[in-house]
Structures are given as C-alpha cells and as structure tokens.
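To start, the structure under review is shown below, and the notes come after it.
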Amino acid sequence: MAIWRAAIFAALFFVHWAGSVSAQDVVLRSRDGAIELTGTLLGFDGEFYRLQTRYGELTVDSSGVLCEGVGCPSLTDFVAELSVSGSGTIGEVLMPALIEAFALRSGLTTQRRSTSEGRFTYTLTNPRSSKDVASVHFHVTNTDKGFRDLLADEADIVMALREIRPTEVQLSRDAGLGDLTLPNRSRVLALDAMVPVVSPRNPVDQISLSDLARILSGRLTNWRELGGPDAPVALHLRDAGSGLAQGIEDKLLRPGSLQLRNEVLRHDSNPGLARAVARDPFGIGLASYSEIGNAKPLVLTGPCGFQLRAARRTVKTEDYPLTAPMFLYLPARRLPKLAREFLAFTRTANAQIVIRRAGFVDQAPEEVPIDLQGDRFANAIAVARGEDGLAALQRMTEVLGEMRRLSTSFRFEAGSTRLDAQSRSNVQQLARSLEAGAYDGRRLVFVGFSDGAGPAAKNLEIARKRAEAVRDAVLRVAETADLNRLDIDTEAFGETMPMACDDTNWGRQVNRRVEVWLK
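In numbering that gives the first Met the number 0, the protein residues as written are 0 to 518.
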C-alpha cells in the first residue's frame, strides 16, 4: 500500500510541478496540503477517485487525499452506483434474481423501481441503519445496445448473448476501456442454447445443421425437402440486435460464407417467438433453451447418423452444437467494492442454484459417470473405421472406463489454436477449483480429441498437443494450487469419439476439443 500511495503522490507531484490548472469540478489535496490535483470527477467507488485531468485519467486512493468542491462525494454516506446494460434474456430475469440473492446473503434489503420502459433500478439498503448502500441501474435492451452504452460511458457492465465482435473490441480499446477479449474482462454467467423449434402440428421431428443453415440462407424453402408437407418454410428469429439472433448467424452462416435470407419474421422477445412458432404450422424458429414454451424442439442430426438433443447436461458440457454462453463484459476500470463482491458471488454454489431456478444452465462442475454417456460411446462405435478404429476405441474404453467426465470442456476458435470465450472462462473456473483443493487426492486427466479429417496418426498427435496446451493454461492460472496433492496427466484419442458429423465446418470444430476426466 505504501508503494501504491507513493506512486499516486508521484503522479500528483508531476501534475503540480507541470503547472497550475484551472478549477473544474473538484480538487484533491494531500493531507499535508503540499500537493493538489484539480480535474473532473468521473467516479468514486468508495475507496478510489477516478479523475479526468488535462494530463489524462488518474485513479487516486481516497485515504491519502482530501476532496474539495461541490462535486465531492460523501465518504460516510457513500452509495455504490452500478449501471448494467444489454441482453433482455439476461437482464429481465437472471440478473435481478442474482441481485436479490446476493442482497439476502449480505443481509441487505432490495427495492425495485421502474424508471421507464426497459429501465429499472435496484436499491440495496442496510436494514440496521436504514441507509442505502448501492443502486444498480438496469437498461434492458439487446446485446448491440449494451456495447453501445458501454462505449458511451453509460454502462459499467454489458450483458451479452454473443462474444464481442472485432469492431467493438477496437472501439473499446480506443475509448480506454481495455482489451475486452482478455480473460479478466469477461466472464460466462450461465449457459443458454439456440434450439430449432416448430409447431406441434408440424410432422418434422429432426433437422441437420446443414439443412438448418440452408433454411437460414434461403436455399431450402419448402418443408417437402425435409419430409414435411408441401408448404413454404416461414423463418422466425429474434430482433436483429439480439445476441441470440447474431449468435445464430455467427455459428451457422458465417462459417459457410452464407447470408441470412431476406424474408424473416422478427420478434422482440423469446416468449413471443416461441408462441408465434407454436401457432404457425409451417414456421421454424431458433428459440432460447430456457423459453421454448409450447413449441416442439427438433433433434439435431446429420448424415453420419448422430442425434443431439438440447438438455441441461449436453448444454453444460457443450456437446450440444448450439450452446450460447451468457456473458458479462467488464471494462478495465475499478468497480465499487460492493459490485466486485456481487461478481464474486455469481461464481458461488448459491448463485448456481439461482441460475438453475431461473431456467438457465449453471456453471457448477458436475461429474458424469460413464453409464450416462451411452449415446456418446454408441456414436463412437458407429463411426469407428476398420480394425485400427476399433482398437483405438477399445483403448479409450479401457482408459476411461473407471473414470468420470467433468462437465467442463474446452474448445477452440474456428481456424485457431486459441481457446474460445467459453473455454477461457472454463480455464479460470477449473483453476479456482484446483486452488480450493476440490480435487485433492484424485487423478485429473486432460483428454484431447480431434475431427476425422486427415490421417488418424496426425489427428492423434494434434489432439495430444491440445490436451497439453489446455493443461498448461489451467496450471498457469492456478498459481496457489498445491499440485502435490493431486495427479495431473494428459491423454489423447484423436478422432475416436466425435460429437458431431464432420460434414460441416462447425461439426469439425466441435469435435476438436479437450475434456477433463477424473478418478
């Protein structure tokens, strides 16, 4: 702390030495009166002032200075302010439920007050003193507008149903918000999924990812091509600014350089989309897993015979192809202490219960016994190629037969060795579990898999390198873990157990993964 304060006062001394500045909002003065800094107060988190000066933005420890001016906040009656903006899927139910659970655990009361359409505020109060301690302001719109609010300095946290895009990354850097692609600048709050749904009156029960992409791009326009009636396909999607709708384009259209068809029926809410599809005998929609309503979900299939259903376990393990992580993006600036405590709470076991009760898939790691993985092994047997394929399958069964699979999986960005956003969050999560001793006394194996393109021997080597890379990434983050208390190893089985058909770019991408198995 002494070093930190010395650095702060060095900054103050430089500004003082450089020349006097005209008075603006506040003056921060060292307690001995020797040094002062004048500028516009941008924020106060109860511990640090954030000040804009003619020399740039500075952060100053309040314990070392006195604040003078009409803009100075009260140190004794400080009320933490937090602004959250973005996805309605996250902001309408999940975040309010987490705020209320956090307040209850902290011994605080909450009061919700709507200010305008899509805007409401939670006030957290200490019942013993009857003093307000925090105000959390919500602007519930969509992912696009959440990032716009962040860039306009009208939000501290963005709720997003997709990863941040390159243009938003660059704009955030230019605005001094830091690199929002770094692990500590985002976190996965929970998991949702994009589920193809139709009316219960529609006889079609399954669809391949390839055919789904053809519907989205307008290349498949009649249900007859899917074994249904001779009728045009009506496509229902969320509004264009929705992270869910944008995630569909990112996962299903962009890999094939396809464009979304022009004729789309848009809906401004997930329940509204599900209701419309349930009423439309010739409609198909991509619905949120948490809000399917009375619509009928379709099974995902492919030419290799795989069948994949959206279920809590397949979404949590990301075995379901259209899993949609629910992100919180955080700029590179200090949030109030209460806000930091809330973010820490979202990772606790109590928060995971709240997430499940809200209808979403939580992040709590689960151990899946091998007898609940029959479909995966059946698919592996079905696609095993020749004697070498069967031998590899036997070796895998022998190695993993007495182990349990952890629900935490790791996958990579398309065409890259870099982990995707969900997996980067999983690195942090698994590292914290190792530091907490959750797996002490056990054997933990990082198991690499690949797609089936190319020679099997090369695929096996690539899978092994991926397993080693993920292991190293986790151990780098788990700085305080006592590695002598557990046995960590790597294994690889290449193309032995695919999760999807290799007939699409996405199928090959989802097969390139690293799983964690425990004994």
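Beta carbons: idealized from backbone N, C-alpha and C, even for Gly.
Computed from a predicted structure; not experimentally measured.
Where in the region 267-327 do unbroken runs of the beta strand (DSSP E), each at least 3 residues long, occur, reported from the N-terminal end onward?
-> 282-287 and 298-300, all fully within the region 267-327.
Does any C-beta atom of chain B lie closer than 8 Å to the C-beta of A159?
-> You won't find chain B in this structure, because it holds only one protein chain.
C-beta contact flag for H235 and L272 at 8 Å = For this step, residue 235 is matched to residue 236 along the sequence shown. For this step, residue 272 is matched to residue 273 along the sequence shown. The answer is yes: Cβ separation under 8 Å.
Beta carbon of T407, beta carbon of N425: below 8 Å?
-> Translated into the one-based positions of the sequence shown, residue 407 becomes position 408. Translated into the one-based positions of the sequence shown, residue 425 becomes position 426. Judged by their CB atoms, T407 and N425 are nearer to each other than the 8 Å cut-off.
Q306 burial status per 10 Å Cβ neighbour count (16 or more: buried) = In the sequence shown, the residue the question calls residue 306 occupies position 307. With fewer than 16 Cβ atoms within 10 Å of its Cβ, Q306 is classed as exposed.
Determine the burial state of P202: buried for a count of at least 16 other Cβ atoms within 10 Å of its Cβ, exposed for fewer.
-> Counted from its first residue, the sequence shown places residue 202 at position 203. Exposed: under 16 other Cβ atoms inside 10 Å.
How long is the line joining the alpha carbons of R370 and E340, rounded to whole angstroms?
-> To locate residue 370, count along the sequence shown from 1; it is residue 371. To locate residue 340, count along the sequence shown from 1; it is residue 341. Here residue 370 turns out to be Asp, not Arg, going by the sequence shown. One Cα belongs to D370, the other to E340, and the distance between them is close to 39 Å.
Could you tell me how far apart the beta carbons of T495 and E434 are, in whole angstroms, since I believe they sit closer than 8 Å?
-> The residue you call residue 495 lines up with position 496 of the sequence shown. The residue you call residue 434 lines up with position 435 of the sequence shown. Not quite, the Cβ-Cβ distance comes to about 32 Å (not below 8 Å), so this is no contact.
DSSP on K158, reduced to helix/strand/coil?
-> Here residue 158 refers to the residue found at position 159 when the sequence shown is read from its first residue. Inspection of the sequence shows that residue 158 is occupied by Met rather than by Lys. In the structure shown, M158 falls within a strand segment according to DSSP collapsed to helix, strand and coil.
Collapsed DSSP secondary structure at Q110 in the structure displayed | On the sequence shown, position 111 is the one that residue 110 refers to. DSSP places Q110 in strand when its eight states are reduced to three.
On a CA-only basis, which of Y48, E224 and S287 is nearest L243? Give me that one, please.
-> As a position in the sequence shown, residue 243 is number 244, starting the count at 1. The residue with the shortest Cα to Cα distance from L243 is S287.
In the DSSP assignment, what are the bridge partners of P195?
-> Stepping through the sequence shown from its first residue, residue 195 is reached at position 196. According to DSSP, P195 bridges with L285.
Under 8 Å between C-beta atoms of A499 and V513 | For this step, residue 499 is matched to residue 500 along the sequence shown. For this step, residue 513 is matched to residue 514 along the sequence shown. Taking 8 Å as the Cβ cut-off, A499 and V513 do not qualify as a contacting pair.
Which same chain residues, not among the five before or five after A309, have their C-beta less than 7 Å away from its C-beta?
-> On the sequence shown, position 310 is the one that residue 309 refers to. Taken in chain order, the residues that qualify are A192, V194, Y288, P296 and Y319.
Straight-line gap, D229 to A277 (C-alpha atoms, nearest Å) | Stepping through the sequence shown from its first residue, residue 229 is reached at position 230. Stepping through the sequence shown from its first residue, residue 277 is reached at position 278. Whole-angstrom Cα-Cα distance: 19 Å.
Is there contact here, the region 179-187 with the region 112-121, by at least three beta-carbon pairs under 8 Å?
-> Counting Cβ pairs under 8 Å, fewer than three are found: no touch.
Note down, in chain order, each residue of its chain lying with its Cβ closer than 6 Å to the Cβ of G506, except the 5 sequence neighbours on either side.
-> Start at 1 with the first residue of the sequence shown, and residue 506 comes out as number 507. Once the five neighbours on either side are set aside, the close Cβ partners of G506 are A499 and C500.
If you draw a straight line from the C-alpha of T300 to the C-alpha of R394, how long is it?
-> Residue 300 sits at position 301 when you count from the first residue of the sequence shown. Residue 394 sits at position 395 when you count from the first residue of the sequence shown. Answer to the nearest angstrom: the Cα atoms are 27 Å apart.
Applying the criterion that 16 or more other CB atoms from any shown protein chain within 10 Å of the CB defines a buried residue, is D450 buried or exposed?
-> Residue mapping note: residue 450 aligns to position 451 of the sequence shown, counting from 1. Result: buried.
Rounded to a whole number of angstroms, what is the C-alpha to C-alpha distance between V298 and S62?
-> Against the sequence shown, residue 298 aligns to sequence position 299. Against the sequence shown, residue 62 aligns to sequence position 63. Rounded to the nearest angstrom, the gap between the Cα atoms of V298 and S62 is 60 Å.
Could you tell me the distance, in whole angstroms, from the CA atom of R274 to the CA atom of R265?
-> Your numbering for residue 274 matches position 275 in the sequence shown. Your numbering for residue 265 matches position 266 in the sequence shown. So the alpha carbons of these two residues sit roughly 13 Å apart.
Output the boundary residues of the beta strand (DSSP E) element that contains L474.
-> Reading the sequence shown from its first residue, position 475 is the one you call residue 474. Counting along the chain, L474 falls outside any beta strand (DSSP E), though it belongs to the alpha helix (DSSP H) covering A455 to V476.
What distance in whole Å lies between the Cβ atoms of I214 and V521, which are believed to be in contact at a cut-off of 8 Å?
-> With the chain represented from 0 up to 518, any question about residue 521 goes unanswered, as that position is not in the structure.
Beta-carbon contacts of A96 that lie in its chain and below 7 Å, excluding the five residues immediately before and after | Position 97 of the sequence shown, counting from 1, holds the residue named residue 96. Cβ within range, chain order: V353 and A357.
Measure the beta-carbon distance from M94 to V78 and round it to whole angstroms, keeping in mind my assumption that it falls under 8 Å.
-> Here the question's residue 94 lines up with position 95 in the sequence shown. Here the question's residue 78 lines up with position 79 in the sequence shown. V78 and M94 do not touch by the CB rule: their CB atoms are close to 19 Å apart, not below 8 Å.
Three-state secondary structure (DSSP) at S408?
-> Here the question's residue 408 lines up with position 409 in the sequence shown. Residue state, collapsed to three classes: strand.
In angstroms, rounded to a whole number, what distance separates the CA positions of L485 and G453?
-> As a first step, residue 485 is located in the sequence shown; it is residue number 486 there, counting from the start. As a first step, residue 453 is located in the sequence shown; it is residue number 454 there, counting from the start. Rounded to whole angstroms, L485 to G453 spans 36 Å at the Cα level.
Top-ranked residue by Cα proximity to E46, from V59, G304 and T220 = As a working note, residue 46 is residue 47 in the sequence shown. Check the Cα spacing between E46 and each of V59, G304 and T220: the tightest is with V59.
Opposing strand residues paired with Y48 [DSSP bridges] | Locating residue 48 in the sequence shown gives position 49, where the first residue counts as 1. Beta-bridge pairing links Y48 to F43 and V59.
With DSSP collapsed to three states, give me the class of D439.
-> In the sequence shown, residue 439 corresponds to position 440, counting from 1. Looking at D439 - three-state DSSP - the assignment turns out to be coil, as it is neither helix nor strand.
Would you kindly check if the distance between the Cβ of N141 and the Cβ of G240 is under 8 Å?
-> As a position in the sequence shown, residue 240 is number 241, starting the count at 1. As a position in the sequence shown, residue 141 is number 142, starting the count at 1. Note that the C-beta distance between G240 and N141 is below 8 Å.
Take R423 as the anchor and find which of A468, A437, L251 and L459 has the nearest alpha-carbon.
-> Residue mapping note: residue 423 aligns to position 424 of the sequence shown, counting from 1. Restricting attention to A468, A437, L251 and L459, the CA atom closest to the CA of R423 is found in A468.
Which residues in the same chain have their Cβ closer than 7 Å to the Cβ of T503, if we skip the five residues on either side of it in sequence?
-> Numbered from 1 along the sequence shown, position 504 holds the residue referred to as residue 503. Leaving aside the five residues that flank T503 on each side, the residues in its chain whose CB is nearer than 7 Å to its CB run, in chain order, L208 and S209.
With N125 as the anchor, note down where its beta strand (DSSP E) starts and where it stops.
-> As a first step, residue 125 must be located in the sequence shown, where it is residue number 126. Its beta strand (DSSP E) spans residues R118 to N125.
Cβ-based neighbour list, V367, same chain, cut-off 8 Å, excluding 5 preceding and 5 following | Walking along the sequence shown from the start, residue 367 turns up at place 368. Excluding sequence positions up to five before and after V367, its CB lies within less than 8 Å of the CB of R312, T316, R403, R404, L405 and S406, all in the same chain and listed in chain order.
Three-state secondary structure assigned by DSSP to L389 | Position 390 of the sequence shown, counted from the start, is the residue given in the question as residue 389. Three-state result, L389: helix.
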